[in-house]
Amino acid sequence: MRKKLLFAILGMMAIISCNSKGQTRPADSKDSVAVDTIAPETSDDLRKDSLKTDTLSYSKEEGKYSFNLLADYPVEGDDTLVKVVRGFINDFLGGAYDGSLDDGKAMIKKNGEIMYGNFVEMCGDADLEDVSELYYYKSVERGYETNAFITFMTSGGHYTGGLHGIGFETGVTFSKSNGKTFGYDMMKGTDSPEFKRFIKEGLRKYFSTEGQEPISDDDLLQELVSYSGSIDELPLPDSEPYLTVKGVKFVYQPYEISYYAAGKPEFTIPYAAIRPYLTPQAVKLFLNNR
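This is how it looks when you write it as structure tokens:
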């Protein structure tokens with residue numbers, strides 16, 4: 007879904023050519039950077055102190071290679087928050103740019119050029135006659151926001167040949183007061199039996215069929231083919247949790263705890279239920295309006 011959204015946005019943007027000098031490309035090669043300022047949709051979660059962002063993109067199409075980067079890049083807002091989010095986006099897209107982060111176009115162009123080269127190297131063993139497309143994409147898009155925090159949704163994936171591609175999707179939540187990110191270091195008691203039940207019941211809901219009886223512990227354990235421990239000792243995802251309109255969300259990436267076709271198992275713990283498991287700092291920074 008997010009990959010389709012990324013490509014749809016790229017298709018609607020005004021394209022500014024930025025072909026590298028002195029490099030010969032096939033006639034079907036396209037290399038572009040785009041900037042689009044998009045006003046946030048009006049909704050209850052948006053606040054007057056919201057960051058202003060430009061949507062930046064870098065795209066390159068060359069033969070069967072398709073490469074895309076996209077980012078909602080801060081251009082106006084609290085100085086500390088703008089600086090922190092810009093740094094995060096640069097690192098997420100590749101970390102290849104070491105110039106001024108005031109220049110978002112230069113940032114995404116540099117990351118695009120370097121990461122495209124890496125992507126082509128990754129595809130070195132692919133038989134181009136046997137594939138319709140080899141792709142790489144990454145995106146950072148603004149998500150849920152309150153007076154206290156803003157969440158950016160991150161996603162990406164690639165296909166470099168073989169049976170199928172691989173992708174990921176998660177989020178990062180920033181405090182508006184100091185730019186600090188929410189994460190496991192702001193949680194406590196996650197090894198307790200009570201919290202472990204949140205994990206088990208969250209995964210049970212994910213793997214159960216809507217409208218039918220929830221699956222049993224034994225059936226759930228059979229779904230978790232990448233895990234070999236007790237059903238009552240399930241691990242949290244490797245990816246840091248993030249804040250949404252419904253609560254704190256946890257996402258496992260493909261193969262992390264289950265088989266590929268299971269997608270990205272996820273569950274959300276409502277704020278009222280998870281509050282006792284948050285540190286005082288987390289409550290102060292992120293939940294002071296709840």
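Heads up, the sequence shown is in the working numbering, so the first residue is 7 and it goes up one at a time. Backbone N, C-alpha and C fix where the C-beta goes; we use that ideal spot for every residue, glycine too. Source: prediction; values computed, not measured.
Which residues does DSSP pair with residue 156 in a beta bridge? Start at 1 with the first residue of the sequence shown, and residue 156 comes out as number 150. Looking at the DSSP assignment, residue 156 forms a beta bridge with 151 and 180.
Runs of 4 residues minimum, wholly inside the segment 104 to 173: which ones carry the alpha helix (DSSP H) assignment? 110 to 128
Tell me the DSSP bridge mates of residue 193? Taking the first residue of the sequence shown as 1, we reach residue 193 at position 187. In the DSSP output, where bridge partners are listed per residue, residue 193 has 284.
Taking 8 Å as the threshold (C-beta atoms), are residue 160 and residue 146 in contact? Mapped onto the sequence shown, residue 146 falls at position 140. Mapped onto the sequence shown, residue 160 falls at position 154. Yes, Cβ-Cβ distance for residue 146 and residue 160 is below 8 Å.
In angstroms, rounded to a whole number, what distance separates the CA positions of residue 82 and residue 91? Taking the first residue of the sequence shown as 1, we reach residue 82 at position 76. Taking the first residue of the sequence shown as 1, we reach residue 91 at position 85. Approximately 11 Å between the Cα atoms of the pair.
Rounded C-beta distance between residue 258 and residue 177? I'm assuming under 8 Å. As a working note, residue 258 is residue 252 in the sequence shown. As a working note, residue 177 is residue 171 in the sequence shown. Rounded, the Cβ-Cβ distance is 14 Å, inconsistent with contact.
Anyone know if the C-beta pair for residue 209 and residue 167 falls short of 8 Å? On the sequence shown, residue 209 is found 203 positions in, with the first residue counted as 1. On the sequence shown, residue 167 is found 161 positions in, with the first residue counted as 1. Contact: no.
Bridge partner(s) assigned by DSSP for residue 68: Locating residue 68 in the sequence shown gives position 62, where the first residue counts as 1. DSSP lists 71 as partners of residue 68.
I'd like to know if the segment 228 to 235 and the segment 252 to 272 are in contact, where contact means that at least 3 CB-CB pairs between them fall below 8 Å. yes
With H, G and I counted as helix, E and B as strand and the rest as coil, what does DSSP make of residue 32? For the purposes of this step, residue 32 is taken as the residue at position 26 of the sequence shown. Reliability fails at residue 32, whose pLDDT of 38 lies under 50, so the model's placement of it is uncertain and the value that follows must be treated cautiously. Coil.
Residue 1 bridges to which residues according to DSSP? No statement about residue 1 is possible, as the shown extent of the chain runs from 7 to 296 and does not include it.
Going along the chain, which residues of its own chain have a beta-carbon closer than 8 Å to the beta-carbon of residue 154, five neighbours each way excluded? Locating residue 154 in the sequence shown gives position 148, where the first residue counts as 1. Taken in chain order, the residues that qualify are 181, 182, 183, 291, 292, 293, 294 and 295.
Among the residues of its own chain, which have a CB less than 8 Å from the CB of residue 129, if the five just before and after it don't count? Taking the sequence shown and counting its residues from 1, the one referred to as residue 129 is at position 123. Once the five neighbours on either side are set aside, the close Cβ partners of residue 129 are 71, 140, 166 and 167.
Output needed for residue 149: all residues of its chain with C-beta closer than 7 Å, excluding positions within five of it in sequence on either side, in chain order. Within the sequence shown, residue 149 is the residue found at index 143, counting from 1. Excluding residues within five positions, the ones whose Cβ falls inside 7 Å are 157, 158, 159 and 177.
Under 8 Å, do residue 202 and residue 244 count as touching if we go by C-beta distance? For the purposes of this step, residue 202 is taken as the residue at position 196 of the sequence shown. For the purposes of this step, residue 244 is taken as the residue at position 238 of the sequence shown. No, these two residues do not count as a Cβ contact at 8 Å.
Is it right to say residue 264 is buried, meaning 16 or more other beta carbons lie within 10 angstroms of its own, or is it exposed? As a working note, residue 264 is residue 258 in the sequence shown. Result: buried.
Can you list, in chain order, the residues of its chain with a C-beta nearer than 7 Å to that of residue 84? Leave out the 5 residues immediately preceding and following it. Numbered from its first residue, the sequence shown carries residue 84 at position 78. Closer than 7 Å at Cβ, skipping near neighbours: 182.
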